[in-house]
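Okay, structure first, notes after.
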Amino acid sequence: MSDQSLPFRNKSVISDLRREYKQCVSNFAEDIAQVYELRAKVYRANREFKEGLGKDIYQLLLLKRETPFC
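Take 52 as the starting number for the sequence shown in the working numbering and just add one per residue.
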């Protein structure tokens, strides 16, 4: 059996596998970076909501609870 008949002995097959692996790793790294960017945006939006409108809603609910028969 020759070396060329075995896929992992063929240099072009190994080269292609390495290239595909590097591309997959690169894509994965980009995806992870996007996830962290979106996570930061969501965290910021939640914090702004809690500090702004969410706080106002909470105050209104407290006021409503303190006011009998409304």
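Glycine included, C-beta positions come from ideal geometry on N, C-alpha and C. For clarity, every value in this text was computed on a predicted model and none was experimentally measured.
Expressed to the nearest angstrom, what Euclidean distance is found between the alpha-carbon atoms of residue i and residue j?
i: residue 75; j: residue 84; result: 14 Å
i: residue 113; j: residue 87; result: 36 Å
i: residue 62; j: residue 68; result: 10 Å
i: residue 106; j: residue 71; result: 50 Å
i: residue 52; j: residue 89; result: At residue 52, the pLDDT of 49 sits below 50, so the modelled position is not reliable; the number obtained from the coordinates is stated separately. If I take the Cα positions, the gap works out to 53 Å.
i: residue 99; j: residue 93; result: 10 Å
Kindly indicate the opening and closing residues of the alpha helix (DSSP H) around residue i.
i: residue 95; result: 62–102
Taking 8 Å as the threshold (beta carbon to beta carbon), is residue i in contact with chain D?
i: residue 78; result: The chain labelled as chain D is not found in the depicted structure, where only one protein chain is given.
Excluding the 5 residues preceding and the 5 following residue i in the sequence, name in chain order all residues of the same chain whose CB lies nearer than 6 Å to its CB.
i: residue 111; result: none
i: residue 80; result: none
Given 7 Å as the limit, tell me if residue i has its C-beta closer than that to any heavy atom belonging to the ligand SAH.
i: residue 112; result: No copy of the ligand SAH occurs in the structure displayed, which carries no ligand at all.
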